[in-house]
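Residue numbers (our numbering): 5 to 414.
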Ligand SMILES: Cc1ncc(COP(=O)(O)O)c(C=O)c1O
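This is the structure we're talking about:
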């Protein structure tokens, strides 16, 4: 049997997305760091599930429910393989990165005490910052932050001095959603483990661009969102080393997460089910499995390289113009092509609103990273984030809209 050829070009990938074929054929969607579009296999799986296959899972003793359970649990296995976890029980389903980070942060409340330190970076998305602030306020722990270098990379010398016996948690994005920089998390995870801290990696952007191997990274937890990785909204999850999962207390109580309940007390199931109270988004979960199947049909390194080539062109264009500050590292090493920029006269929102008139979708604002904006000395940036289906036409449309915006607004 011949092995089917993997998709290698953005044009081939794009053909699998109804979004680009139907009503939105003229749209240049460049806001993928916020959310990706969906291939037809994902949409069809959801459609088919609701038309023919729906029943609640984990409880039915009839075939329909058992089949739905099998498929949902099958996706847990797929996810475990996708991130190279040791076993499926190390994958917890949640609604996405935000819920995952809250589950982990609040799950550690009993482990944190006054005087303990939680080490973050100034470049975190609010989802990896606000829950820790809430947990710090509740436990008396203190938060410390790793700063950036002028090169928009984490300052490893400063980081070295921040790890100490007081550090109980180290939580950091794998890839910054604003800067597109891949942080050197292997080094930081090692430093955190050397002082006995839990390591939490916000992989919301990492899993989108990289072949994540949680065992090689040796992190305790790695979180992700389905909707950024070609899957539906409302589903995501996190990986946790099994022993570490056993140390977390559950954030939510209810059906499905218990072993037994009396009027006085309840006992909980082991991981992962103890973190999954209530009926989950079943259709979304099963369709996330189809997104993973889709990834298996892609030559991801080649498509990522095509992606990066578009971003490099954009950076070259911006560097050739007056008035721009481009928030990307000087070289492409460990950078995935998310381009944030600031113009000294044109506000980011004006750029984005103008681009919209040309059917170009880019994001403007603080990107849920206000402390990072503060550290960079800006209030907002325009962010362009291509993905595997973006083509030269998308970039050309963007460059044209930038050119026009400058002549009209500048
Ligand atoms: C780095 C990072 N962390 C966390 C999140 C939150 O993801 P979600 O809104 O899917 O929970 C995002 C979303 O943009 C992100 O980019």
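C-beta atoms are modelled at their ideal positions from N, C-alpha and C, and glycine is treated no differently.
A direct Cα-Cα distance of roughly 15 Å separates residue 218 from residue 80. Nearest to residue 280 by C-alpha distance, out of 113, 265, 99, 47, is 99.
By the C-beta density criterion, residue 107 is buried, having at least 16 other C-beta atoms within 10 angstroms.
Straight through space, the alpha carbons of residue 414 and residue 318 are spaced by roughly 19 Å. In the DSSP assignment, residue 149 forms a beta bridge with 124. Only buried fits residue 102, as 16 or more other CB atoms lie within 10 angstroms of its CB. Within the chosen limit of 7 Å, ligand 1 reaches the beta carbon of residue 209 through at least one heavy atom.
In this structure, ligand 1 has a non-hydrogen atom nearer than 7 Å to the beta-carbon of residue 102. A straight-line Cα-Cα distance of about 5 Å links residue 155 and residue 333. When secondary structure is reduced to three states using DSSP, residue 206 falls in the strand class. With a cutoff of 8 Å on beta-carbon distance, residue 182 and residue 152 are scored as not near each other.
DSSP, read as helix, strand or coil, puts residue 156 in coil.
Between residue 147 and residue 137, the gap from beta carbon to beta carbon is short of 8 Å. Burial of residue 223 is indicated by the presence of at least 16 other C-beta atoms within 10 angstroms of its C-beta. With respect to the C-alpha of residue 325, the residue from 348, 341, 85 having the closest C-alpha is 348. 8 Å or more divides the Cβ of residue 178 from the Cβ of residue 373. With fewer than 16 other beta carbons inside 10 angstroms of its own, residue 396 counts as exposed.
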